[in-house]
Structures are given as C-alpha cells and as structure tokens.
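What follows is one structure encoded as structure tokens, with my remarks underneath.
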Amino acid sequence: MKEIGIKEDFIKLDQFLKYVDIASSGGHSKFLIRSGCVRVNGHHIVERGKKIRPGDIVKVTIEDEDFNRTFRIVKE
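This is the structure in structure tokens:
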C-alpha cells in the first residue's frame, strides 16, 4: 500500500486518479469509476466527485490489464 499525501482537506476521486497517474484524463477517470474498478474503504464508488480524505483507502483494480494498486490518503 502506497501512502499519498494531499495538502487540502480532500481531493475528488476523479482528480485523485489523475494525480496518481492511473487515469490520463477526466474521461478516463470517469470510465474507470463507472466500470467498477475503484473502491474507497472497501465500497465500490460510482460517483466521480466523491471526496477522498486523509485516512481513506483507495483501491484500483483493472482485471483486463492485471492491474491492482492500493493507496492510503494522508495529510501533507
């Protein structure tokens, strides 16, 4: 699990996916989220504007690409 620091109180999920270089664009973020590839604290999330806060765990799994990453959000 990789720790990712954020300066603000939260970051939106679609922005987070771009921030950690998993998504190349907002449209790609939206696709990953709506495809069920993203979990926050163990729950599938389909809301791309979901606020991610320090203490949250974000897991991204893309089965077709054998891709699996887990991040813990911390305050910088």
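Every number in this note's numbering is 4 more than the matching position in the sequence shown, counting from 1. The beta-carbon is built from N, C-alpha and C at its ideal position, and this holds for glycine as well.
Phe75 is classed as buried because its beta carbon has at least 16 other beta carbons within 10 Å across all chains shown. When C-alpha distances from Val42 are compared across Glu67, Pro58, Ser29 and Gly59, the shortest belongs to Glu67. With a beta-carbon spacing of about 12 Å, Val44 and Asp18 fall beyond the 8 Å limit used to define contacts.
The Cβ-Cβ distance between Lys79 and Ile10 falls below 8 Å. Its Cα nearest to that of Ser33, the residue Val64 stands out among Ile8, Val64, Glu12 and Gly46.
In the DSSP assignment, Arg43 is bridged to His48 and Lys63.
Proximity to Arg73 across Lys22, Glu12 and Ile26 peaks at Ile26, based on C-alpha coordinates. Of the other Cβ atoms in all chains shown, 16 or more fall within 10 Å of the Cβ of Phe20; this residue is therefore buried.
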